[in-house]
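Colleague: Take 1 as the starting number for the sequence shown in UniProt numbering and just add one per residue. Below are the structure tokens for one structure; questions will follow.
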Amino acid sequence: MNPYIMTVLLFGLGLGTTITFASSHWMLAWMGLEINTLAIIPLMAQHRHPRAVEATTKYFLTQATAAATLLFASVTNAWLTGQWDIQQMAHPVPTTMITLALALKVGIAPLHTWLPEVMQGLDLTTGLILSTWQKLAPFALLLQLPLQNQTMLVIMGLTSTLIGGWGGLNQTQLRKVMAYSSIAHLGWMIIIIQFAPSLTLMALMIYMMMTSSAFLMFKINNALNINTLATSWAKTPLITAMAPLILLSLGGLPPLTGFAPKWLILQEMTKQGLALTATMAALTALLSLYFYLRLSYALTLTMSPNNLPGMTPWRLKSHQLTLPLSMTTAMTLMLLPLTPVIMTFMTL
């Protein structure tokens, strides 16, 4: 893609998210979300492969449906209450509709079915943008909403953690594994959003950091499935040694950074009298941990199948930038002791 066009599209992505961040009016927030969607679509379709075109079409239709629902709900709220302000949502019907529209935008279960299919049709860079940056604007709106329907959010959160863990169990494609990982993490964020919004924000930031590490590691190894990942030890042994730690941090294993949000969310849910919900969420996290362990096993303890029809990858020097990977990996592995400091910043 032409670098000037790429610059304009990336600027559009940043502009759309910034407009949504800065808005207190539903029309402005909707406009920011639309700019965001329109900016990423050319990035998704840039390779002109049938799978990329299919993924782009599915993404466009899903986001258009969510945007139309959000606009309809905000107009309904203005008609019923005379308010366009995001924080003045008094009527339960428009609030529920907007919550569901934003859940569809980010891919929270049961409105998640588009996410693995779309992710599978994208390259790793666009998949990284979809998994991280595209979550910011909808979550900025969810954090501002006066959420009242506690039962619906808890059910959506538990369903997401369950489906995110269950769906990733038998996947061999890394992009689909990351899509189901995203669904499971979104479940943890949405389940606590009404009790402790600062914990949701913290979980979102740490999820973005860990997912960036995983995608950058796949990108340097040029790996799209588990078999390709199994050959990485010969090309990048140091990254292969660090990769299981990144994956286990995504799974929430102590003493890695990914443990902090899960630990604090379970603690807060227990304080709110939701001990059974916390137990169920912790058990569904074991499903996710299993497929991260499976990827770690493929990385470190297996040899790539060297049959005759199989292609041997060339051990060529990668020209990818390694600084972003080293920075995100350091944060993914070593921020757990700084949890109190992070929480202090999140609650300011």
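From the three backbone atoms N, C-alpha and C, an ideal C-beta is built for every residue, glycine too. Here the structure is a predicted model, which is why all the values come from computation and not from measurement.
For Leu13, decide whether its Cβ has a neighbour in chain B, counting only Cβ atoms nearer than 8 Å.
Modeller: As a matter of chain content, chain B is missing from the structure shown, which is built from one protein chain.
Colleague: Quick one, are the C-beta atoms of Ser212 and Leu128 less than 8 Å apart?
Modeller: Their beta carbons are under 8 Å apart, which means Ser212 touches Leu128 by this criterion.
Colleague: Count the C-beta pairs between the segment 97-115 and the segment 68-81 that are closer than 8 Å, then say yes if the count reaches three, no if not.
Modeller: Because the criterion of three Cβ pairs below 8 Å is met, the segment 97-115 and the segment 68-81 touch.
Colleague: Take every Cβ of the segment 55-65, pair it with every Cβ of the segment 162-169, and state whether three or more of those distances are shorter than 8 Å.
Modeller: Touching, no.
Colleague: Please classify residue 349: does DSSP put it in a helix, a strand, or coil?
Modeller: Because the chain here runs from 1 to 348, residue 349 falls outside it and cannot be looked at.
Colleague: In chain order, which beta strand (DSSP E) runs of at least 3 residues are fully inside the segment 198-268?
Modeller: As far as the segment 198-268 is concerned, it has no whole beta strand (DSSP E) run of at least 3 residues.
Colleague: Rounding to the nearest angstrom, what Cα-Cα distance links Gln88 and Leu141 in this structure?
Modeller: Rounded to the nearest angstrom, the two C-alpha atoms are 12 Å apart.
Colleague: According to the Cβ coordinates, are Ile206 and Gly258 closer than 8 Å?
Modeller: It is a contact, given that the beta carbons lie within the stated cut-off.
Colleague: Considering just the uninterrupted stretch of the alpha helix (DSSP H) at Ala137, what are its terminal residues?
Modeller: Ala137 -> alpha helix (DSSP H) spans Leu136 to Gln144.
Colleague: Got a sec? Which residues, its chain only, sit under 6 Å from Ala196 by beta carbon, not counting five neighbours each side?
Modeller: Cβ within range, chain order: Glu268.
Colleague: Does the distance from the C-beta atom of Phe291 to that of Val177 stay below 8 Å?
Modeller: Yes. Within cutoff.
Colleague: Can you check whether the CB of Thr159 is closer than 8 Å to the CB of Ala109?
Modeller: Yes, the Cβ-Cβ distance between Ala109 and Thr159 is below 8 Å.
Colleague: Can you grab the Cα-Cα spacing for the pair Ala103 / Gln148, in whole Å?
Modeller: Using only the alpha carbons, I get a separation of about 15 Å.
Colleague: Residue 368 to Arg51, Cα distance in whole Å?
Modeller: Residue 368 lies beyond the residue range present for the chain, which begins at 1 and ends at 348; the question has no answer from this structure.
Colleague: To the nearest angstrom, how far is the alpha carbon of Leu186 from that of Leu266?
Modeller: Approximately 15 Å, taken between the alpha carbons.
Colleague: Rounded to the nearest angstrom, what separates Gly82 and Thr17 at their Cα positions?
Modeller: Approximately 26 Å, taken between the alpha carbons.
Colleague: Where does Gln63 fall in DSSP's three states?
Modeller: In this structure, Gln63 counts as helix in the three-state DSSP scheme.
Colleague: Going by the CB atoms, is the gap between Ile246 and Thr329 shorter than 8 Å?
Modeller: Closer than 8 Å, so yes.
Colleague: In this structure, what does DSSP give as the bridge partners for Asp85?
Modeller: Partner(s): His25.
Colleague: Rounded to whole angstroms, what is the Cα-Cα separation between Leu153 and Asn2?
Modeller: Answer to the nearest angstrom: the Cα atoms are 43 Å apart.
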